[in-house]
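Trainee: Before we start, here is the structure in question, set down as C-alpha cells.
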Amino acid sequence: MNHPVVSVARRGDLAVVTIDSPPVNALSVNVRKGLLTAFNGLVGDAGVAGVVLACAGRTFVAGSDIAEFDSPVFDESDLNDVCAAIESLGKPVVCALHGTTLGGGLELAMACHYRVAAPNTRLGLPEVTLGLLPGAGGTQRLPRLIGVADALEIILSGSPVSADKAQRLGLVDAIVDGDVLDQALHFTRALIARQAPCRKTSEIAIAPDGGLTTLFAGARQGLAKKSRGAFAPAKIVDCVEAAVNLPFAEGLAVERRMFVECMHSPQSAALRHAFFAERETGKIPGLDKNLALPAIGRVGIVGAGTMGGGIAMNFLNAGIPVVLLEVAADALARGLANIRKHYEATASKGRMTLEEVDQRMALCRGSLDYADFGDCDLVIEAVFENMDIKKAVLARLGEVCRPGAIIATNTSSLDVDELALASGRPADVVGMHFFSPANVMRLLEVVRGRETAPAVLAAVLALARKIRKVAVVSGVCFGFIGNRMLEGYLRESEFLLMEGATPSQIDRVLESFGMAMGPCRMMDMAGIDVGAKVLGERAKEGTLPADPSYRMPCRTLAELGRHGQKTGAGYYRYDGRTPVHDPEVDRIMAELASRFGIARRQEISDEEIFERCFYPLVNEGARILEEGIAYRAGDIDIVWLNGYGFPSVKGGPMHAADVIGLPRVVARLGHYAEQCKDRHDYWRAADLLSRLAAGGHRFADA
Ligand code: 3HC
Ligand code: NAI
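What follows is the structure, encoded as C-alpha cells:
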C-alpha cells in the first residue's frame, strides 16, 4: 500500500507533520501539496497548541525535487505558499532537523518559528551549484536571520555549514542529543509553557548599515574574478540586496523573477544535467546490485612516486591503512617524506592539526618486501609507465596477494588486459586511473578489463565513493575515455600552431569558452616530455597515424628540452610561474610548417580555433560511445568535468555538443575535412554522431 508522503499525527496537544519521501525527502509536487493541506488543516484545529515539522528516513528535506524542474508540475510558488502557511499558522511551528537540510529544505526550516537540530545536521543553500538561486525565500530569510555578510557567503558558496556553526550564526536555536523528534516536541512544549511568540523570520528587520554598499560592491567585484561567467551568482547578490532595500513581499517577488530566469538558463540546464549524470555513473548495466562485495580494509601501493604518494593519501584521509612499497630504501624514504611534507603544509595552513598529521602517517607503513602485501585487500601499482616493468610487478602481485584480493593498475596508457594476463589471475585485475594530483582530483577512471570480475568492479566503485572520488567506468582502449579524447584536441591545437596561431591565442579562445586552462598551458604544466614519451611509445607500437607531422610540436619541443613549466620553457617561456610569449616558439612552429609543407596564415579566427579543437574531441567521444567504451554520454561529461577542467556551466563536451546541435557539429567536421584536405581521416564523423544528427537526436538520447 502506498503510504502518504506527508502525514499528520497527534502527540497530546501537539501535531507532528512528517515528510516521508525517500531517498532524500525532496520537495516534489506531492510533498508540497501534502504540506499545504496539512498546515491549512491545522489552522483551525483548536486542539493543537503547537506543531513539529520533521522528516522520516536518513535526512530532513535535501531540497526541491530537481528532477521536476523541467516538467510542468514544477512551480516554485507552491513552496512559497507552504512557507507562508507555516509562518502565519498562529501557533509555534518547530522544525526538527537531521541529515542534510539543503535548498528548499532549509527554506522550509527558515519559515518555521524555531529550529532544533541533531548534532550531525548539515545546513546549506546549494542552489548556486545547480546554476540557480534559492527560490522559496532563502535569499530573503537568511540575511534576516543571520546577517547579510554571512548569508551572502553561504548562498554564494553553496557549501553547507555544520549544526554548531549554524547555531553560532543564529540559524539553529538548539542542538539536541537523542531522538530529534522527541527533543523537538520537548522544545515546543517548553515554548508553549512560556508563551513564547511565533517568530516570523520575514518580519525581522535588517538593521540599516552604511557598510552594506561596500559589501555588495566587494561581492560583485569578487564574482567578476572568481565565477568565470556564471549567471546565478550575480543574481544572488541582487536578491540579497533586495532583501536589504525592499519590504519582504517585494524582495520575494524579485527573488522569484530571478529564480525563474536562472532556471531557464542554459547554465542551470547544464549543471542539472551534470548532477544527475554524476549519480548515473555508478549504475552499471547488468551489474547485480546485491553482489557480495569483498571488504577493503587495507590497501597496498607499489611505487611511492608522484602518483603512488597521492593515491596513498586518499586512503589515509579515509582512515584506511596503507602499505607503500618501493624498490629501494632511499626512494621509499623520499616517498614517505613527501606525504608527510604535504600533510605538514596542510597543517601549516590550519586545515589539519599536527596530531592528525601523525595519525595519518601512523596508518602508512613503508615496505621493501612484497610479503607485506599478504594482508592487503587491494594492491594498486603505480610504477613507471613501462609495459615490461608493470608486467613484472603484476606477476609478482599475482603470487603474493591473498586469494580474493583485488589487483589494480594506475596505468594511463597501457593495455589493461595484457597487464591482467601477466598477473595470472585476470578476474582480480582492474584499472584505477587516478589523475594528478591524485589526492586532489575528484576523477577516477575505473577500467573494466575483459575478464574483470563483476564483484571486483563493484567493490572498486564502492571504495571510490568512500574516498570521495567520482568514478567513471571505461572499457579498455588507448587513453581510456579522457586521454583518448584529449588526443584529437591536442592534435588540432598543434596543427593550428604550425599554421600560424600562437599559444596564447589558442589558450585565450579555449579559456574564454571556460576551460580551466588552454591546451598549451595545460601541456606546459603536465610536462611536454611526458606527452612526447607516450607518443614515442605509440610510434614504436605503430599505432600513430601515418602522418609525419602528427603532434610534431610536442615531440620537437621535448627534444629541445623545452619540457614546460618545470624547465622554465615549453610552449611559453616562464617568468616564475607566469607564461610569457616566446618568439622562439613562433620560429620553431614556422620551421615545422615549412618542413611538413603546412601553409602558414596571417590570421586564424577564434571561431576556427574553437571548432577545430572542440569538434574532434566530441567526435572521439561519439566513437567511444559507439564502441561501448563508455556506457553513457553523461559518463564522458563527468570525466571531462572532473578530470580536465571543462567548464561546469557547459555540462561537459557531449552536453555542450547537444546544445550546439549535432547537425552543426557534423557539418563543421565536413567543412574542416575539406579545408584541411583530410588525408588521414581525422575529420570523418563517427557513425553514431552522423546517425544521431540525421535523426534529429542528441547524445543524451543515445
Ligand atoms: N531532487 C531530486 N533527487 C535528488 C535530490 C533532489 N534535490 N537530491 C538527491 N536526489 C536523489 C539523487 O539523484 C539520488 O537518486 P538515485 O539514487 O536515483 O541516483 C538519490 O537522491 C541519493 O542521492 P545521492 O546519491 O547524491 O546521495 P548522497 O547521500 O551522496 O547525497 C545529498 C545526498 C547531499 C542530499 C545530495 O544528493 C545532494 O547534494 N542533493 C542535492 C541538494 C540540492 O542541490 N538541493 C537544492 C535543490 S534546488 C532547490 O531546493 C530550489 C529551491 O530553492 C526552490
Ligand atoms: P614516478 O616516476 O613519479 O613514480 C614511479 C615510482 O615507482 C618511482 O618512485 C619508482 O622508484 C617506483 N618504481 C619503479 N619501479 C618499481 C618497482 N618495480 N617496484 C616498486 N617501485 C617501483 O611516476 P608517476 O608519475 O607517479 O607515475 C606512476 C604511474 O602513474 C604511471 O603508470 C603513470 O602513467 C601513471 N599516471 C601518472 C600520472 C601523472 O600525471 N604523473 C597521471 C595518471 C597516471
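If you count by our numbering, then the sequence shown holds residues 20 to 721, one letter each, in order. All residues carry an ideal CB built from backbone N, CA and C; glycine is no exception.
1. Enumerate in chain order the residues of its own chain whose CB-to-CB distance from glycine 494 is below 8 Å, with the five nearest sequence positions on each side excluded.
2. Where does leucine 382 fall in DSSP's three states?
3. Is the beta carbon of valine 482 sitting closer than 8 Å to the one on methionine 608?
4. What separation, rounded to the nearest whole angstrom, lies between the Cα atoms of lysine 219 and serine 284?
5. Mapping DSSP to helix, strand and coil, what is alanine 209?
6. Where do the ends of the beta strand (DSSP E) carrying valine 35 lie?
7. Would you mind stating whether glycine 150 and glutamine 240 have Cβ atoms separated by less than 8 Å?
8. Out of Ala446, Val553, Ala545 and Gly555, which has the shortest C-alpha to C-alpha gap to glycine 662?
9. Can you grab the Cα-Cα spacing for the pair proline 42 / arginine 77, in whole Å?
10. My parser needs the alpha helix (DSSP H) runs of 4 or more residues fully inside the segment 467-501; what are they?
11. In terms of alpha-carbon separation, which member of Asn429, Asp594 and Gly124 lies closest to alanine 323?
12. Can you tell me which of the three DSSP states aspartate 566 falls into?
13. Please list the segments of the alpha helix (DSSP H) lying wholly inside the segment 120-169, counting only runs of 4 or more residues, in order along the chain.
14. Would the C-beta of aspartate 84 count as close to the ligand 3HC, meaning under 7 Å from any of its heavy atoms?
15. May I have the straight-line CA-CA distance separating methionine 20 from threonine 119, to the nearest angstrom?
16. By a C-beta neighbour count over all protein chains shown, 10 Å radius and 16 as the cutoff for buried, is aspartate 349 buried or exposed?
17. If you compare alpha carbons, which of Lys245, Leu688 and Ile105 is closest to tryptophan 702?
18. Could you check how far apart the C-beta atoms of glycine 393 and arginine 421 are, in whole angstroms? I think they sit under 8 Å.
19. May I ask you to list the residues that DSSP assigns as paired with alanine 243?
20. Cβ-heavy atom distance between arginine 298 and the ligand 3HC below 7 Å?
21. How many whole angstroms separate the CB atoms of valine 341 and cysteine 383, which I take to be in contact at a CB cut-off of 8 Å?
22. Among Val604, Arg698 and Ile657, whose alpha-carbon lies nearest the alpha-carbon of aspartate 566?
23. Would you kindly report the start and end of the unbroken alpha helix (DSSP H) that includes proline 252?
24. Taking three-plus beta-carbon pairs below 8 Å as touching, is the segment 328-340 in contact with the segment 444-458?
25. How should glycine 670 be labelled, buried or exposed, when 16 other C-beta atoms within 10 angstroms of its C-beta is the threshold for buried?
26. Could you tell me whether the Cβ atoms of isoleucine 425 and leucine 397 are closer together than 8 Å?
27. Is any heavy atom of the ligand NAI found at a distance shorter than 7 Å from the C-beta of glycine 519?
28. Does the Cβ of phenylalanine 454 lie closer than 7 Å to at least one heavy atom of the ligand NAI?
29. From the DSSP output, in three-state form, read off methionine 20 for me.
30. Alpha carbon to alpha carbon, how far is glycine 595 from glutamate 9? Give it in angstroms, no decimals.
31. For tyrosine 593, does the three-state DSSP call read helix, strand or coil?
32. Kindly provide the ranges of any beta strand (DSSP E) runs that are 3 or more residues long and lie completely inside the segment 385-469, ordered along the chain.
33. Output the distance between the C-alpha atoms of arginine 469 and valine 435, rounded to the nearest integer angstrom.
34. Are three or more beta carbon pairs between the segment 129-136 and the segment 190-208 nearer than 8 Å?
35. Would you say the beta carbon of glycine 327 comes nearer than 7 Å to a heavy atom of the ligand NAI?
Mentor: Taking the geometry as given:
1. Correct list, in chain order: Val466, Arg467, Glu646, Gly647, Ile648 and Ala649.
2. DSSP places leucine 382 in coil when its eight states are reduced to three.
3. Before going further, note that residue 482 is leucine rather than valine in the sequence given. For leucine 482 and methionine 608, no; Cβs fall outside 8 Å.
4. Lysine 219 and serine 284 have their C-alpha atoms spaced approximately 33 Å apart.
5. DSSP places alanine 209 in helix when its eight states are reduced to three.
6. Valine 35 -> beta strand (DSSP E) spans 33-38.
7. 8 Å or more divides the Cβ of glycine 150 from the Cβ of glutamine 240.
8. Residue Ala545 is the option with its Cα nearest to glycine 662.
9. If you draw a straight line from the Cα of proline 42 to the Cα of arginine 77, it is about 8 Å long.
10. If we require 4 residues or more, the alpha helix (DSSP H) runs fully inside the segment 467-501 come out as 473-485.
11. Ranked by Cα distance from alanine 323, the first of Asn429, Asp594 and Gly124 is Asn429.
12. Residue state, collapsed to three classes: coil.
13. Secondary structure in the segment 120-169: the alpha helix (DSSP H) runs of 4 residues or longer, each lying completely within the stretch, are 123-130 and 157-165 in chain order.
14. Yes.
15. Low per-residue confidence applies at methionine 20: pLDDT is 48, beneath 50, and the placement is therefore not dependable, though the value from the model is reported in the following sentence. CA-CA distance, methionine 20 to threonine 119, rounds to 28 Å.
16. With fewer than 16 other Cβ atoms inside 10 Å of its own Cβ, aspartate 349 counts as exposed.
17. Selected option, being the one with the closest Cα: Leu688.
18. So it is a contact: roughly 6 Å between Cβ atoms.
19. The partner list for alanine 243 (beta bridge, DSSP) is empty, contrary to what the question assumes.
20. True, at least one ligand heavy atom lies under 7 Å from that Cβ.
21. For valine 341 against cysteine 383, the beta-carbon gap comes to about 5 Å, under 8 Å, which counts as contact.
22. Ranked by Cα distance from aspartate 566, the first of Val604, Arg698 and Ile657 is Arg698.
23. Per DSSP, proline 252 belongs to the alpha helix (DSSP H) from 251-264.
24. Counting Cβ pairs under 8 Å, three or more are found: they touch.
25. Classification for glycine 670: buried.
26. Result yes, Cβ atoms of isoleucine 425 and leucine 397 sit closer than 8 Å.
27. No, the beta carbon of glycine 519 sits no closer than 7 Å to any heavy atom of the ligand NAI.
28. Yes, since a heavy atom of the ligand NAI falls inside the 7 Å radius drawn around the Cβ of phenylalanine 454.
29. Its pLDDT being 48, under 50, methionine 20 is placed unreliably by the model, and nothing is read from it.
30. Residue coverage of the chain in this structure runs from 20 to 721, which leaves residue 9 outside it and unanswerable.
31. Correct three-state label for tyrosine 593: strand.
32. At a cut-off of 3 residues, the continuous stretches assigned as beta strand (DSSP E) that sit fully inside the segment 385-469 are 397-400, 425-428, 448-453 and 462-466.
33. Distance between arginine 469 and valine 435, taken at the CA atoms: about 9 Å.
34. Taking 8 Å as the limit for Cβ pairs, the verdict is that the segment 190-208 does touch the segment 129-136.
35. Flag set: Cβ of glycine 327 near the ligand NAI.
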